[in-house]
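This report concerns only the one structure given below.
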Amino acid sequence: MALNEPTIEIYDIQGNSLAGFNKDFQDLLFLKITQSDTAKKWIRDLVPQISSLNEVLRFNNLFKSLRVRLNGEDPPGLAATWVNVAFTFEGLKKLIPEEAEHFKKDEAFSQGMAARSKVLGDRLDHQNWVIGGPTNLPDLLLIVASDTEDLLNQRISSIKESLKVNGGLELIHEENGRTRMDTNKPGHEHFGYKDGISQPGIRGLKSDKQEDFLTARLIDPNDERAQKFSKPGAPLIWPGQFVLGYQKQNKEDLVQPDPDSDTLAGLPDWARNGSFLVFRRLQQDVAAFNKFVENMAAEVGMNSDLLGAKLIGRWKSGAPLIRAKEEDNPSIGNDEFTNNHFSYVNPEPAIKLKQAVGNQEIPGVEGDSEGKTCPFAAHVRKLNPRDVRSAEFNRTKMLLRRGIPYGKSFELAPDEERGLLFMTYQASIKEQFEFMQQAWANNIDFPSKGDGEDPIVGQKDNDGEKHSFKLPEKDKSINFMQEWVTMTGGAYFFQPSIKALTDILTV
């Protein structure tokens with residue numbers, strides 16, 4: 003059955019949301035508006051530098067094609083620098099006070115992250131946040147990303163110089179995101195685990211041409227799962243879950259869109275092609291995590307690598323426990339098709355790919371309904387429950403992750419700070435990000451009673467309260483103080499369309 007997927011306005015959407023910059027070097031500039039009219043002029047002058055979805059898609063596709071030809075090596079000399087901009091509710095009020103009133107309907111965005119820190123379970127008082135607290139709330143965020151540090155620094159220098167010349171905005175904070183290069187394992191976060199593996203596919207077309215899909219469809223069309231997944235383990239999600247103005251996912255149907263959804267969420271027409279952006283600065287204490295894993299592994303009679311994989315749900319290579327039960331298997335971790343082709347409750351049959359991508363068959367795998375292979379509270383099982391309870395409902399909560407590490411690796415500078423610049427795009431902060439944090443990650447009783455909190459990002463706002471983590475195969479729960487991930491700053495933003503930047507926000 004052919005689906006009537008929408009044509010995405012790729013020239014109007016900022017590029018980091020639906021495509022992702024995918025750059026190893028990213029700086030985040032947090033700005034405060036000091037004079038609205040001057041700030042409007044500065045933003046208007048910046049618009050030609052704003053990277054569209056069209057530009058980012060074209061570059062990413064070219065980069066990937068050349069990388070395949072070069073047997074996995076990055077194509078030499080191919081580089082680009084991207085810029086996107088997003089605004090807090092306070093920033094919108096300073097620029098367009100009357101239009102900003104519409105956003106009061108969105109309680110999470112309009113209240114802001116600091117006001118909702120109790121909802122999220124954040125331990126650190128927002129008065130002490132490095133950014134986003136009552137004394138350092140930004141009005142806008144610039145995300146600047148490049149393939150080389152030199153190119154990034156050149157663009158950052160140019161932007162900072164323009165701020166000095168034109169005024170109207172003050173740089174109040176800066177973060178420097180860098181892909182880890184020192185370990186020869188790019189894509190691994192600071193605890194050592196490969197990150198960013200499981201991302202949804204996005205429904206929609208790049209043009210009016212038939213099958214000019216935003217996300218390539220790689221599964222043999224004779225398999226009914228080709229209607230539900232873009233590639234093994236990557237569910238196809240209607241674009242309205244991430245960008246305003248498009249059809250949303252149906253919580254009762256994996257294929258058809260929600261026929262009754264308000265695609266603009268009650269916001270004005272100019273909000274179309276915009277997204278909400280969540281930023282959280284997650285500090286990681288690698289020494290504390292390693293010590294906990296080593297000590298607890300000895301206590302439960304398990305080697306430390308296996309216990310670490312139990313906490314995450316994947317081995318350090320990215321291989322899922324569902325497919326590598328006893329030891330890491332880097333060949334699975336490095337296989338983008340096999341490492342994501344599994345379910346938790348039900349067995350996942352073998353699946354065949356299109357001839358264009360090798361016509362290969364990805365083997366099936368048994369499920370793990372009792373959680374004895376991958377614990378129910380494992381990080382990736384908590385935040386991407388797949389077929390747990392309701393696969394249809396779970397897909398309405400998915401978001402697009404765009405985070406990048408900050409700080410030097412523990413092996414190079416053990417005494418320095420490090421962590422993750424966590425960023426996600428979604429159409430509803432409350433119904434997607436906050437739901438996942440509160441109802442899944444922080445909930446000791448999800449998916450079932452006593453399973454435990456997410457051991458990585460699960461939060462308790464009471465410092466003295468212990469976390470728990472059930473190990474069904476050992477028939478016991480681990481109780482511990484979670485001291486290795488601390489939320490140290492953040493904010494909620496709205497990333498408008500490029501047209502809205504010129505026609506609404508800067509006039």
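Heads up: the sequence shown begins at 3 in the working numbering, then just goes up one per residue. Cβ coordinates follow ideal geometry from the N, Cα and C atoms, glycine included.
Taking the alpha-carbon positions, what's the residue i to residue j distance?
i    : j    : result
G169 : P351 : 60 Å
W272 : M425 : 23 Å
S209 : I10  : 7 Å
P136 : P261 : 41 Å
S371 : A443 : 19 Å
K462 : L246 : 32 Å
N386 : A228 : 20 Å
G335 : E75  : 18 Å
L503 : L266 : 17 Å
A218 : D417 : 43 Å
R316 : A326 : 9 Å
D149 : K451 : 46 Å
Q362 : Y494 : 43 Å
D222 : L355 : 5 Å
A300 : L309 : 10 Å
L153 : T83  : 7 Å
G235 : Q113 : 35 Å
R125 : L5   : 45 Å
K162 : K312 : 45 Å
So, with DSSP's three-state summary, where would you put residue i?
i    : result
P99  : helix
P237 : strand
K106 : helix
E254 : coil
W84  : strand
M115 : coil
M438 : helix
P188 : coil
T9   : strand
V367 : strand
H469 : strand
E172 : strand
P270 : coil
R180 : strand
I145 : strand
M3   : Reliability fails at M3, whose pLDDT of 47 lies under 50, so the model's placement of it is uncertain and no value is given.
P322 : strand
S54  : strand
K34  : strand
L401 : coil
N444 : coil
Q484 : coil
E350 : strand
K478 : strand
K501 : helix
Report back the beta-carbon spacing between residue i and residue j to the nearest angstrom; my notes put them in contact at under 8 Å.
i    : j    : result
G369 : V347 : 5 Å
P457 : K374 : That pair is no contact at about 17 Å.
L216 : L207 : 7 Å
G189 : D197 : 6 Å
L33  : L139 : Not really, about 11 Å apart at Cβ, beyond 8 Å.
Does the distance between the C-beta of residue i and the nearest non-hydrogen atom of the ligand FMN fall short of 6 Å?
i    : result
N341 : You won't find the ligand FMN in this model; it holds no ligand whatsoever.
Please work out which residues of its chain come closer than 8 Å, Cβ to Cβ, to residue i, disregarding the five sequence neighbours upstream and downstream, and give them in chain order.
i    : result
S263 : G242, Q249, K250
R420 : H192, Q285, Q286, V288, P407, Y408, G409, K410, S411, F412
S54  : I12, Y13, D14, I15, Q16, G17, I500
V509 : K42
K230 : P237, L238, L256, V257
N331 : W317, S319, A321, R325
Output the boundary residues of the beta strand (DSSP E) element that contains residue i.
i    : result
R282 : 277 to 286
Q428 : 421 to 428
F496 : 487 to 497
F215 : Where F215 is concerned, there is no enclosing beta strand (DSSP E), given that its DSSP letter is neither H nor E.
I406 : 406 to 408
Could you spell out the range, first to last residue, of the alpha helix (DSSP H) harbouring residue i?
i    : result
I161 : 151 to 168
S38  : 38 to 48
K384 : 381 to 385
I431 : It is not in any alpha helix (DSSP H) - I431 carries neither H nor E in the DSSP assignment.
K312 : 306 to 314
P332 : 332 to 335
L20  : 17 to 20
By Cβ distance below 7 Å, which residues in the same chain neighbour residue i in space, the five residues on each side in sequence not counted?
i    : result
L258 : The identity of residue 258 in the sequence shown is Gln, whereas the question assumes Leu. Answer for Q258: N252, listed in chain order.
Y438 : Correcting the residue identity first, residue 438 is Met in this sequence and not Tyr. Cβ neighbours of M438 beyond the five flanking positions: L385, K399.
Can you name, in chain order, every residue of its own chain whose Cβ lies under 6 Å from the Cβ of residue i, other than the five neighbours on each side?
i    : result
N481 : K468, S470
M3   : Confidence at M3 is low in this model, with a pLDDT of 47, below 50, so its placement is unreliable and the value that follows should be read with caution. Around M3: no qualifying Cβ.
D26  : T181
I45  : T508
V132 : T490, G491
F448 : W442
Is the Cβ of residue i closer than 7 Å to any Cβ of chain D?
i   : result
K42 : You won't find chain D in this structure, because it holds only one protein chain.
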